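Undergrad: Residues 0 to 266 (numbering that gives the first Met the number 0) make up the sequence shown, in order.
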Amino acid sequence: MTRKTIRTALTAASLLLLSLTAAAAQQESSEAVEHAKLLDVLKLDGGLFHVQGVDLDSRRIWVTSVDLASHRGYLHIFDRQTGAFLRRIELTDGPRYHPGGVSLHGDSIWVPVAEMKPNSSAVLEEIDTESLQVRRKIHVADHLGCVAVSDHVLVAGNWDSQLLYVFDPRTGKQARVVPNPSATHYQDMKFVGGQLVGGGNVTPLSGTIDWIDWPSMKLIRTARSGTTDRARPYTGEGMALKGRDLFLVPEDGPSRLFHFRMDDRDV
0 MTRKTIRTAL
10 TAASLLLLSL
20 TAAAAQQESS
30 EAVEHAKLLD
40 VLKLDGGLFH
50 VQGVDLDSRR
60 IWVTSVDLAS
70 HRGYLHIFDR
80 QTGAFLRRIE
90 LTDGPRYHPG
100 GVSLHGDSIW
110 VPVAEMKPNS
120 SAVLEEIDTE
130 SLQVRRKIHV
140 ADHLGCVAVS
150 DHVLVAGNWD
160 SQLLYVFDPR
170 TGKQARVVPN
180 PSATHYQDMK
190 FVGGQLVGGG
200 NVTPLSGTID
210 WIDWPSMKLI
220 RTARSGTTDR
230 ARPYTGEGMA
240 LKGRDLFLVP
250 EDGPSRLFHF
260 RMDDRDV
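1) Using the rule of at least 16 other Cβ atoms within 10 Å of the residue's Cβ for burial, across every protein chain shown, is E250 buried or exposed?
2) So is G161 buried or exposed if we call it buried at 16+ other beta carbons inside 10 Å?
3) Thinking C-alpha only, which one of F84, R134, L143 is nearest P111?
4) Per DSSP, what kind of secondary structure is S29 in: helix, strand or coil?
5) Can you find the residues in the same chain that come closer than 8 Å, C-beta to C-beta, to Y233, ignoring five residues on each side of it along the sequence?
6) Tell me the DSSP bridge mates of H184?
7) Using the Cβ count rule (16 or more neighbours within 10 Å means buried), how would you classify G199?
8) Counting only the same chain and skipping the five closest in sequence on each side, list residues whose C-beta sits under 7 Å from that of D244.
9) Which stretch, first to last residue, makes up the beta strand (DSSP E) that contains G82?
10) Keeping to the same chain, check which residues put their C-beta closer than 8 Å to that of G82; ignore five residues upstream and five downstream.
11) Apart from the five residues just before and just after V53, which ones in its own chain have a Cβ nearer than 6 Å to its Cβ?
12) So, for S119: in the same chain, excluding its five sequence neighbours on each side, which residues have a beta-carbon less than 6 Å away from its beta-carbon?
13) For K194, which residues from the same chain have a beta carbon less than 8 Å from its beta carbon, with the 5 sequence-adjacent residues on both sides left out?
14) Does I211 have its Cβ less than 9 Å from a Cβ in chain B?
15) Flag this pair as yes or no: are the beta carbons of V101 and Q51 separated by less than 9 Å?
16) Consult DSSP for W213 and reduce its assignment to one of helix, strand or coil.
17) Consult DSSP for A68 and reduce its assignment to one of helix, strand or coil.
18) Buried or exposed: where does V139 fall if 16 or more other Cβ atoms within 10 Å of its Cβ makes it buried?
19) Is D263 helix, strand or coil when you go by DSSP?
20) Go ahead and pull the three-state DSSP assignment for S130.
21) From L38, H34, A68, pick the residue whose C-alpha is nearest to that of H49; which is it?
22) Under the assumption that K116 contacts A147 (Cβ atoms under 8 Å), give the Cβ distance between them as a whole number of angstroms.
23) Beta carbon of V152, beta carbon of P98: below 9 Å?
24) For the beta strand (DSSP E) that contains H34, what are its first and last residues?
25) Please classify V176: is it buried, with 16 or more other beta-carbons within 10 angstroms of its beta-carbon, or exposed?
26) What residue range is occupied by the uninterrupted beta strand (DSSP E) comprising S224?
Set out below in structure tokens:
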């Protein structure tokens with residue numbers, strides 16, 4: 000076989016691979032979130048870095064992000080109706096500058112702040128939503144990237160949420176550690192209706208939202224997701240579920256809040 004023939008064959012193979020990759024990406028993106036309808040998209044004004052988590056109350060949108068260049072972590076607050084920037088506080092705690100998925104509970108917001116590597120350390124911070132002062136810290140000897148909160152329990156996922164740590168929020172003591180029942184790398188988690196709901200990526204172009212039974216920690220259902228028009232998986236970063244209303248912040252700044260309505264089957 001001549002060099003010219005070899006070059007022609009390699010070029011054809013490369014073009015075929017590119018076309019197959021594009022087709023796969025288009026197929027994965029064909030449905031934004033399974034069993035959900037996109038209602039609106041809200042632009043979040045103000046500087047966000049690498050987005051991590053999101054939660055919402057009646058007035059505000061809470062988003063965590065990490066500035067990878069300066070090794071600083073932040074909690075950003077936006078107006079829920081307009082997306083206007085309201086305030087930002089720094090969360091950096093020595094070598095721990097990676098904030099994760101967050102959870103509002105009562106007049107507190109819980110935020111994990113970890114070192115930017117697996118098998119490291121983290122603090123779970125409870126922050127007053129009005130004064131923005133830290134009420135307490137729970138130190139953990141592992142990276143934690145997301146946390147879900149209920150009246151009686153904290154559940155936090157480590158790097159890629161391979162393990163789910165269960166804590167007593169009253170004492171801060173670890174109760175148990177459970178392997179992730181799903182292949183999804185949860186980036187944000189919430190307690191919704193007594194169940195644990197986690198969102199994350201499975202591949203660079205796809206992800207899921209999973210419902211996990213509490214306290215058995217068994218996976219009970221899944222909704223698959225595709226990518227935004229910026230080729231970011233919808234469930235790759237921040238996720239919050241309020242009843243049937245699903246909110247996702249999948250992109251770094253300039254960021255957008257995607258609002259979906261879930262079908263009854265997935266609530």
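Note that beta-carbon positions come from the ideal geometry of N, C-alpha and C, so glycine has one too. Remember, it's a predicted structure, so these values are computed and weren't measured experimentally.
TA: According to the data block:
1) Answer is buried; the Cβ neighbour count reaches 16.
2) Sequence inspection shows Gln at residue 161; the Gly mentioned does not correspond to that position. In the assembly as shown, Q161 is an exposed residue. Its beta-carbon has fewer than 16 other beta-carbons within 10 Å.
3) Ranking F84, R134, L143 by Cα distance to P111 puts L143 first.
4) With a pLDDT of 45 at S29, under the threshold of 50, the modelled position of this residue cannot be trusted, and the question is left open.
5) Around Y233: A31, V32, G206, S224, G225, T226, T227, L247, P249, F257.
6) In DSSP, H184 forms a bridge with N200.
7) The residue is buried, with at least 16 neighbouring Cβ atoms inside 10 Å.
8) Only H258, R260 meet the Cβ criterion.
9) From DSSP, G82 is part of no beta strand (DSSP E); its letter is neither H nor E.
10) L41, K42, L43, D44, I60, L256.
11) Excluding sequence neighbours, V53 sits near V62, G237, A239, V248.
12) So the list reads H142, once near-sequence residues are dropped.
13) Sequence inspection shows Gln at residue 194; the Lys mentioned does not correspond to that position. Within its own chain, the residues whose Cβ lies closer than 8 Å to the Cβ of Q194, once the five positions on either side in sequence are excluded, are W210, I211, D212, W213, I219, listed in chain order.
14) Absence of chain B from the displayed structure is noted, only one protein chain being present.
15) Yes, they are a contact pair.
16) Looking at W213 - three-state DSSP - the assignment turns out to be coil, as it is neither helix nor strand.
17) In the structure shown, A68 falls within a coil segment according to DSSP collapsed to helix, strand and coil.
18) Buried: at least 16 other Cβ atoms inside 10 Å.
19) Correct three-state label for D263: helix.
20) Correct three-state label for S130: coil.
21) Considering only alpha carbons, the answer is A68.
22) Contact check for K116 and A147: beta-carbon distance about 23 Å, past the 8 Å limit, so the pair fails to qualify.
23) V152 places its beta carbon 9 Å or farther from that of P98.
24) Where H34 is concerned, there is no enclosing beta strand (DSSP E), given that its DSSP letter is neither H nor E.
25) In the assembly as shown, V176 is an exposed residue. Its beta-carbon has fewer than 16 other beta-carbons within 10 Å.
26) S224 -> beta strand (DSSP E) spans 218 to 224.
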